[in-house]
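Trainee: Below is one structure. I have some questions about it.
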Amino acid sequence: MPSPLRHVHFDTVTSTMDVAREHATRAQPSMSWQLITAERQTAGRGTRGRPWISPPGNLYLTLIIPRAALTPARLGLFPLDTGLAVWDAAAPLLPPSSRAALRLKWPNDLLWEGRKVAGMLLEATADHVFTGVGFNLMNAPDIADGGTPGGRLADAGLDEAAGLPLAKAFAENLRTRLSAPAAPETVAVNVLAAWRARAQWDKYLRLRDRPGQPEVLPLDLNPDGHLLVRHPDGHQEWLVSEYLA
Ligand code: BTN
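Our numbering puts the sequence shown at residues 28 to 272.
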């Protein structure tokens, strides 16, 4: 039976990533998992150095994971595992009629009806991995840089009071996923199958950092978590790290 997850909730922080790093350096022992949540952030961070606009009404969390919990077999697929834990936390809290429109966008955005309702930021030190998730519950801040338009989980039927249950469910899901003993090849098969089943496959995505921002169709994943896409001229490419919208 795993020990209860330590959870500290704040009203306002700069970023839950900053608070998590402070807590991790103080944590005794450094093996413990901790969940940091906040009602708002004054300096929320998104991927690629972009800000994450963090008004009240949404939920901001960072899960502190001891580095030792990530076996080599898990490490490469960790971004996908994180997305799965987010999907699996949110789906049961939505009315059944809303769940089919809840999809994952590679590597780990959560979409509802094609709009981004959660984003994830992963950072690490020698001893810890910091998994940050911003859930758009009641607000969909404007996306000014041409990224995927934001949506609200409230529009999918999420209850106003579901923020903290959602955060805790995410943390427990990820801890359970990472703690499950399995051979490396089984880990990859399971993660890829679960991710394929929850992903959005039928929509073109824009490669935002490429000249002309070509639109590509996602086709498949490989055991390293790379995404196979088809370009408009028919040629195929494996994406390792790319900014998609
Ligand atoms: C993205 O750009 O899609 C990633 C967004 C990650 C935002 C979350 S909110 C909680 C945690 N604290 C931050 O400053 N960022 C992450």
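Just so you know, even glycine gets a beta-carbon here, dropped at the ideal spot from N, CA and C.
(1) Does any heavy atom of the ligand BTN sit closer than 7 Å to the C-beta of residue 165?
(2) Taking 7 Å as the line, does the beta carbon of residue 148 fall inside it for any heavy atom of the ligand BTN?
(3) By DSSP's criteria, residue 87 is part of a beta bridge. Which residues make up the other side?
(4) Compute the Euclidean distance between the alpha carbons of residue 72 and residue 41, then round it to the nearest angstrom.
(5) Between residue 87 and residue 161, which are expected to be in contact by the criterion C-beta below 8 Å, what is the C-beta distance as a whole number of angstroms?
(6) Measure from the alpha carbon of residue 226 to the alpha carbon of each residue in 250, 134 and 58, then state which is nearest.
(7) Where residue 207 and residue 53 are concerned, what is the direct C-alpha to C-alpha distance, given to the nearest angstrom?
(8) Would you list the one or two residues that DSSP bridges to residue 245?
(9) Going along the chain, which residues of its own chain have a beta-carbon closer than 6 Å to the beta-carbon of residue 39, five neighbours each way excluded?
(10) On the three-state DSSP scale, how would you describe residue 97?
(11) Hey, is residue 232 close to the ligand BTN, as in C-beta under 7 Å from one of its heavy atoms?
Mentor: Result, derived from the coordinates:
(1) Because no heavy atom of the ligand BTN lies under 7 Å away, the Cβ of residue 165 does not count as near it: no.
(2) Distances between the C-beta of residue 148 and the heavy atoms of the ligand BTN include at least one below 7 Å.
(3) DSSP lists 65 and 161 as the beta-bridge partner residues of residue 87.
(4) Residue 41 has its alpha-carbon roughly 9 Å from the corresponding atom of residue 72.
(5) Right, their Cβ atoms sit about 5 Å apart.
(6) Measuring from the Cα of residue 226, the nearest candidate turns out to be 134.
(7) Looking at the two C-alpha atoms, the distance is approximately 27 Å.
(8) In the DSSP output, where bridge partners are listed per residue, residue 245 has 256.
(9) Apart from sequence neighbours up to five positions away, the residues of its chain that approach residue 39 with a beta-carbon distance below 6 Å are 67, ordered along the chain.
(10) Annotated three-state conformation of residue 97 is coil, per DSSP.
(11) The closest heavy atom of the ligand BTN lies 7 Å or more from the beta carbon of residue 232.
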